[in-house]
Every structure is written in structure tokens, then in C-alpha cells.
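Enquirer: Listed in order, the protein sequences are those of chains P and C.
The opening position of the first sequence corresponds to residue 45 in my numbering, with each subsequent residue numbered one higher.
The opening position of the second sequence corresponds to residue 24 in my numbering, with each subsequent residue numbered one higher.
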Amino acid sequence: MNSETAIHVRGLRKSYGETLAVDGIDLDISSGEVFALLGPNGAGKTTTVEILEGYRHRDGGTVAVLGQDPANAGRHWRARIGIVLQLTAEPELTVAEMVSMFAGFYPNPRDPGEVIELAGLGGLTARRGNQLSGGQRRRLDVALGIVGRPELLFLDEPTTGFDPEARRQFWELIERLAGEGTTILLTTHYLPEAEALADRVAVLAGGQVVALGAPATLGGRVSQDAQVSWEAADGRRTLQTATPTKVVAELAGQFGGEIPGLAVTRPSLEDVYLELIGADR
Amino acid sequence: MTATSVSRPGATPADAVQPRLPGAWRTGLVRGQMEVRAFFRERQTVVFVFAMPAIVLVLLGSIYGHEHATRGVTVVQLFTAGMIAGGIGATSFQNLGLTIAAERERGTLKRLRGTPLAPAAYFIGKVIQVFVCTIAEVVVLIVVGVALYHLHLPTSAAKWWTLAWVFVLGTVACSLIGIGISSLSSSATNSFPVISLPFLVLQFISGVYVPFYNVPPWLQHIAAIFPLKWLSQGLRSVFLPAQAAALEPTHTWQHGQTALVLAAWIVGGLVLCLTTFRWRPRGDG
Numbered sequence: 045m046n047s048e049t050a051i052h053v054r055g056l057r058k059s060y061g062e063t064l065a066v067d068g069i070d071l072d073i074s075s076g077e078v079f080a081l082l083g084p085n086g087a088g089k090t091t092t093v094e095i096l097e098g099y100r101h102r103d104g105g106t107v108a109v110l111g112q113d114p115a116n117a118g119r120h121w122r123a124r125i126g127i128v129l130q131l132t133a134e135p136e137l138t139v140a141e142m143v144s145m146f147a148g149f150y151p152n153p154r155d156p157g158e159v160i161e162l163a164g165l166g167g168l169t170a171r172r173g174n175q176l177s178g179g180q181r182r183r184l185d186v187a188l189g190i191v192g193r194p195e196l197l198f199l200d201e202p203t204t205g206f207d208p209e210a211r212r213q214f215w216e217l218i219e220r221l222a223g224e225g226t227t228i229l230l231t232t233h234y235l236p237e238a239e240a241l242a243d244r245v246a247v248l249a250g251g252q253v254v255a256l257g258a259p260a261t262l263g264g265r266v267s268q269d270a271q272v273s274w275e276a277a278d279g280r281r282t283l284q285t286a287t288p289t290k291v292v293a294e295l296a297g298q299f300g301g302e303i304p305g306l307a308v309t310r311p312s313l314e315d316v317y318l319e320l321i322g323a324d325r
Numbered sequence: 024m025t026a027t028s029v030s031r032p033g034a035t036p037a038d039a040v041q042p043r044l045p046g047a048w049r050t051g052l053v054r055g056q057m058e059v060r061a062f063f064r065e066r067q068t069v070v071f072v073f074a075m076p077a078i079v080l081v082l083l084g085s086i087y088g089h090e091h092a093t094r095g096v097t098v099v100q101l102f103t104a105g106m107i108a109g110g111i112g113a114t115s116f117q118n119l120g121l122t123i124a125a126e127r128e129r130g131t132l133k134r135l136r137g138t139p140l141a142p143a144a145y146f147i148g149k150v151i152q153v154f155v156c157t158i159a160e161v162v163v164l165i166v167v168g169v170a171l172y173h174l175h176l177p178t179s180a181a182k183w184w185t186l187a188w189v190f191v192l193g194t195v196a197c198s199l200i201g202i203g204i205s206s207l208s209s210s211a212t213n214s215f216p217v218i219s220l221p222f223l224v225l226q227f228i229s230g231v232y233v234p235f236y237n238v239p240p241w242l243q244h245i246a247a248i249f250p251l252k253w254l255s256q257g258l259r260s261v262f263l264p265a266q267a268a269a270l271e272p273t274h275t276w277q278h279g280q281t282a283l284v285l286a287a288w289i290v291g292g293l294v295l296c297l298t299t300f301r302w303r304p305r306g307d308g
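Structural data, given as C-alpha cells:
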């Protein structure tokens, strides 16, 4: 890909009255990257994203999104971004009417029919907004966010309310958009989602970035002790070890081949995440 | 990722000209078409905004029968002219106040703000919707009046001209106040006290639900501050015979003053809109 920067943030600050919501965030997101912002409620995720989307003004710091300051970027800039908002659908307009109308706002939109299929709304084109289920409304939100063929797509907790199948379909859509080179910034509470989709994640807590990296290596995940567990003659045994390969090789020797019920696990992204945000378990 | 040159969708080389954005007129027309569709699909607005004036007119007509207000003028004919003013207020002021408050609360406006749609296109769409629905409203009430209450269509070009300017000034003034007042309503649920209640009160004191000559003078003075009184008076001058002017407070139609008050509200309403219009709900950013 290219090393062009899609989002560049330095020292971003924003407070609401006495409350400091964002306290000096730095971020660099490359073009074509899928980047996830994780963090508990009140960590500053939504505030940060809304500043990047141009919805909110910042108190301090520098921000460039697709090379422009969102605080005063115009319609041409908006034509290059896509924002997936979780909203109540227009009650009286159909899926097809909404998607076609929004397509008409952009200079180079996707085909509305194709977008409806991509978003998993095929067969629901004549359904009005007030007849859509919660999950279908989320899909319409996604359809309206991508119909303008954005270079940069913002997704704020996109799969809330999706059933597992819808979530899989959505992930496939994101992978497809990413494959086409779309830069994607998503926030999520759902850690397997970040792990499945994101090239890199940043964990926010208290308005600051507390960890940044690939999901697989976040918070020193790969270098932490692994757990090896198996079925021994006297029941299930578990061992914490820094050298799991050696342990497994020894066990294989003992059992003379297959180790019954073998499992080797590292701390999950969720374990690391909860540790990072200082949550009590 | 590999180095294969996947071209970024919609990307333009830095030195190329920016793509042409769809114009405000074109997108505004599409929005207007959708707005009209949504208006007539929503049962609530069709009944409580669009059909209400005709329903009330038929009720008043059944109650007051063919009582005469003055020689050759029935009370019901007065009501019909007044109800056309009420109908214009309903499909412009009340409709815009309620729908924009709901759109703001629902996030429709926030979503539009996040697209390259020109803000003007949104308002062009609203103008189209208001004019289509208001003309339909006026036609329905005129048909009811002509069919049931011997309402006379204007016979002279001068009266048609009066109808045209009263309609346009009244609709524009009421629309701008409706857009402005939508910002005062922080949620669709409190739109009744902010929008519907004042509108109801004004209809009682402005010659819509009650003949204006039956309204006590102190209430007449209050009504004279607002456009609805002037709108209904202007419409009476169009649909009633000349001798009905004797029923007005000054025994004249006061066209000059009507135009002035409506024009003043257009200027005031525009200032109100420009200073108070918000794309997001109150307390959100």
C-alpha cells in the first residue's frame, strides 16, 4: 500500500465544562489501514471520532483528516468521507429511496442496488424505515455510510444489536471495503471484532491512549506467559509457562504421541484490554 | 499488504481538479420529492395537519348552518376563508415546526450534515414540500367551501392577484417562523406546548375558529401582532363580497398593512432561522 497518512492527530484536547474528555491524544492512521479505537464508556472514543468527523470542535491540538482540518473542511472533503451513524431510520421512506437519495449527494457514488445487497438489505428495498428491525436499521446506517464510495469510513460501534450471522456478514463487508483500499476507523466494545478486523488498535482510557499496536501484540500479549492445559490421568492439568513449546514437546514424549485435550492459550485481547483500562475482574 | 496498486475508490490525484459535486438545485428537487412523499405517507400528519382544517370546517359548517353574518355573507363563508388561513398555517408553520424538531431529534439533520449535501438543498426540499402541501391544502378547502357553503371563487384578476400575494407572503412567513421555532423545541415530545398550543390559541383569536368580530378587542390586538390574523383577513378579502369588509375592525380590508406585517415577519423569521438553526439536538455538542 502507500504510506500516506489518512488521519494525523497531535495533542488533541477537549473538555466539557470541568470534565476533560480527551486529554492529549496522538494518532497516526495510514491510508488503507483498518484502525480500531477501544475503550470503556467515557474514555473519549466518541468525542475523538466526532472531532475527526467534523461534528465537534476541539479545544486544542492539531488534526488533519485526509489532509484537511475537519473543523473547517468543506463539501468536497465530506464527499471523500463516510460516516456510519446509529440513528432511527426515516420512518416513511423506503430502503431503496433512502439509499438512492443519499447516492445523489455524492459525485461518484456506488450503485444503490449494489450497496443494498452489500449491506445485506436485499429483499428489503421496499420496506419503510418504521418497518425495519433494529439490526436492519443498523444495516441501513452502514449502506448510507458507504454509498458515497468513501476513501475514509468512520464506524462508531457498528455491530451493536447485530446477531452473530449479521455480524459475520458485516465483517466480510468491512474486509471487502478494506481490500478495496478504504481506510476504516471503527470504535467498538466488542473485542473479537477489533481482533478480526483491525490492523492496529488503540486503547483509550481517561481521554488518553494507554496502548497502541496490532491486536496480536497489544499490551505485550505475545510475550506474556502462556497456559498449557491437558487431560492427565488424574484430571485436567494447567501450567503457566514462558516456554509452551518445550512443555508440549515434553508432554508429547510422555504420552508417546497425541496429548489428550491439549490447549495452549495466551491472554485474550479481552484479558489484556481489561488489564489496560484497570478494570476489576 | 502487498504493493499491488489497488486504486483507492473515489480518490483523485492531488493535482487533478476536484470532482463536481451534485448541485444544490438538483439534490434539493430530489429531497423535495421525498419530503412530499413522506408527508403524505405519514398518517399522523395527513390526519392532524392536512385533514384537520377541512374536518373542523365541516363541523363548524354543520353547527352554524347558514346563519348570516351580514347581508349576502354566511358565517360559514367567513369560516371557510379563515380556515384556508388556518390550513396554510398548518402545512407551513405547524408542519415544519413539528417535522424539523423530529428530524433534529432523530439525527436526520446530523446525518445530512455529514454528507456533501449543500445546506441550501435541504431548505429547497422543504420549500418544495411546503408549497406542494399548502397548495393541495388550499385546493381541498376551496373545494369543500364551493361544494358545501356557496363559497365564490375570485371573479376578478385583482382578487386572484390578492390571493397570490397573500398566499405567498403568508406561507413564507409561517414557514420561516416554523423553522425558527423548531429550534426552541428540544424534543419532539415537547413540541405540543411550543408549536401546537400557540398555533391553536392563534387560530381561536385570529378569525379561524371564531369570527374575528366576535373576538374581544384586547385579544384582537394580540392577534394583530402575528401573521395568522392578517393572512385570514387577506383571504376574506379574496373570497367574500365587498360588503363583508364592514365586519372587519377598521371596516376595510387593510391590504397595505397586511403586506407590511407579513413582510416584517418574513424578515424577522429569516433572522430567527439564521441565528437559531441547529443541525443537532440541544445538549449534543
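Using N, Cα and C, we set each Cβ at its ideal position, and we do this for glycine too.
1) If I follow the unbroken alpha helix (DSSP H) through E160 of chain C, where does it start and stop?
2) Where P153 of chain P and V191 of chain P are concerned, what is the direct C-alpha to C-alpha distance, given to the nearest angstrom?
3) Taking the alpha carbon of Q213 of chain P as the reference point, which residue from P:H233, P:A108, P:Q180, P:L318 has its own alpha carbon closest?
4) Using a Cβ-Cβ distance under 8 Å, would M24 of chain C count as near chain P?
5) If you measure beta-carbon to beta-carbon, which residues of the region 135-147 of chain C are closer than 7 Å to chain P?
6) Could you pull out every residue in the same chain whose Cβ sits closer than 6 Å to the Cβ of S30 of chain C, ignoring the five residues on either side in sequence?
7) T97 of chain C to W183 of chain C, Cα distance in whole Å?
8) Does the beta-carbon distance from I78 of chain C to L254 of chain C come in below 8 Å?
9) Determine, for E216 of chain P, whether the minimum Cβ-Cβ distance to residues of chain C falls below 8 Å.
10) Quick check: the Cα distance between K290 of chain P and V308 of chain P, rounded to an integer number of angstroms?
11) Give me the residue from P:N116, P:R100, P:G157, P:G166 with the minimum Cα distance to K133 of chain C.
12) Along the beta strand (DSSP E) that carries Y236 of chain C, what are the first and last residues, could you check?
13) Can you check whether the CB of T275 of chain C is closer than 8 Å to the CB of A282 of chain C?
14) Compute every distance between the C-beta of L168 of chain P and the non-hydrogen atoms of the ligand FAD, then say whether any falls below 7 Å.
15) Checking 8 Å against the spacing of the C-beta atoms, do L221 of chain P and I228 of chain P come in under that value?
16) Taking only three categories from DSSP, how would you classify H278 of chain C?
17) I'd like the list of long-range same chain contacts for Y145 of chain C, defined as Cβ closer than 7 Å, with 5 residues on each side in sequence excluded.
18) Looking only at C-alpha atoms, which of P:L56, P:V109, P:R122 sits nearest to Q41 of chain C?
19) Let me know if W274 of chain P comes out buried or exposed under the rule of 16 or more other beta-carbons within 10 Å of its beta-carbon.
20) I'd like the list of long-range same chain contacts for D67 of chain P, defined as Cβ closer than 8 Å, with 5 residues on each side in sequence excluded.
21) Report yes or no: is there a C-beta of chain P within less than 8 Å of the C-beta of L101 of chain C?
22) Distance cutoff 8 Å, beta carbons only. Does G130 of chain C sit that close to anything in chain P?
23) So that I know if they touch, is there some Cβ in chain C lying closer than 8 Å to that of R325 of chain P?
24) Would L96 of chain P and P84 of chain P qualify as a contact pair, given that the criterion is a beta-carbon distance under 8 Å?
25) Are G55 of chain P and T106 of chain P touching if we call contact CB-CB under 8 Å?
26) Taking contact to mean at least 3 C-beta pairs separated by less than 8 Å, is the region 220-233 of chain C in contact with the region 142-156 of chain C?
27) Looking at V294 of chain C: is its Cβ nearer than 8 Å to the Cβ of L186 of chain C?
28) When the Cα atoms are used, what is the spatial distance from L318 of chain P to T63 of chain P?
29) Can you list, in chain order, the residues of its chain with a C-beta nearer than 7 Å to that of K252 of chain C? Leave out the 5 residues immediately preceding and following it.
30) Counting only Cβ pairs nearer than 9 Å, list the residues of chain P close to R43 of chain C.
31) Which residues bound the alpha helix (DSSP H) around R182 of chain P?
32) Beta-carbon within less than 6 Å of V238 of chain C's beta-carbon, same chain only, minus the 5 sequence neighbours each way: which residues are those?
33) Tell me the residue span of the alpha helix (DSSP H) that contains G137 of chain C.
34) Listed from N- to C-terminal order along the chain, which residues in the region 158-174 of chain C have their beta-carbon within a distance smaller than 9 Å of any beta-carbon of chain P?
35) Assign I54 of chain P to one of three DSSP states: helix, strand, or coil.
36) To test your reading of the DSSP string, which unbroken beta strand (DSSP E) runs of 3 or more residues are found completely within the region 252-298 of chain C?
Expert: Judging by the given coordinates:
1) 142-172
2) 6 Å
3) P:Q180
4) Note that M24 of chain C scores 40 on pLDDT, short of 50, meaning its location in the model is unreliable and no value can be drawn from it.
5) G137, T138, P139, L140, A141
6) Unreliable placement is indicated for S30 of chain C, whose pLDDT of 44 sits below 50; the coordinate value is still reported in the next sentence. Closer than 6 Å at the Cβ level, and outside the excluded window around S30 of chain C, lies no residue.
7) 22 Å
8) no
9) no
10) 12 Å
11) Nearest Cα to K133 of chain C within the set P:N116, P:R100, P:G157, P:G166: P:R100.
12) That residue, Y236 of chain C, is in no beta strand (DSSP E); it is neither H nor E in DSSP.
13) Their beta carbons are not under 8 Å apart, which means A282 of chain C does not touch T275 of chain C by this criterion.
14) You won't find the ligand FAD in this model; it holds no ligand whatsoever.
15) yes
16) helix
17) R54, L135
18) Looking at the Cα atoms, P:R122 is the closest of the given residues.
19) buried
20) R57, G88, G250, G251, Q252
21) The beta carbon of L101 of chain C does not come within 8 Å of any beta carbon belonging to chain P, so the residue lies off that interface.
22) yes
23) Note that R325 of chain P scores 42 on pLDDT, short of 50, meaning its location in the model is unreliable; the coordinates nonetheless yield the value given after this. No, no contact with chain C.
24) no
25) Taking 8 Å as the Cβ cut-off, G55 of chain P and T106 of chain P qualify as a contacting pair.
26) Under the 8 Å Cβ criterion, the region 220-233 of chain C does not count as touching the region 142-156 of chain C, having fewer than three qualifying pairs.
27) no
28) When rounded, the distance between both Cα atoms is 23 Å.
29) S229, G230, A246
30) P151
31) 178-190
32) I228
33) Boundaries for G137 of chain C: no alpha helix (DSSP H) harbours it, and the DSSP string shows neither H nor E there.
34) none
35) Reading the sequence as shown, one finds Arg at residue 54 of chain P and not Ile. In this structure, R54 of chain P counts as strand in the three-state DSSP scheme.
36) none
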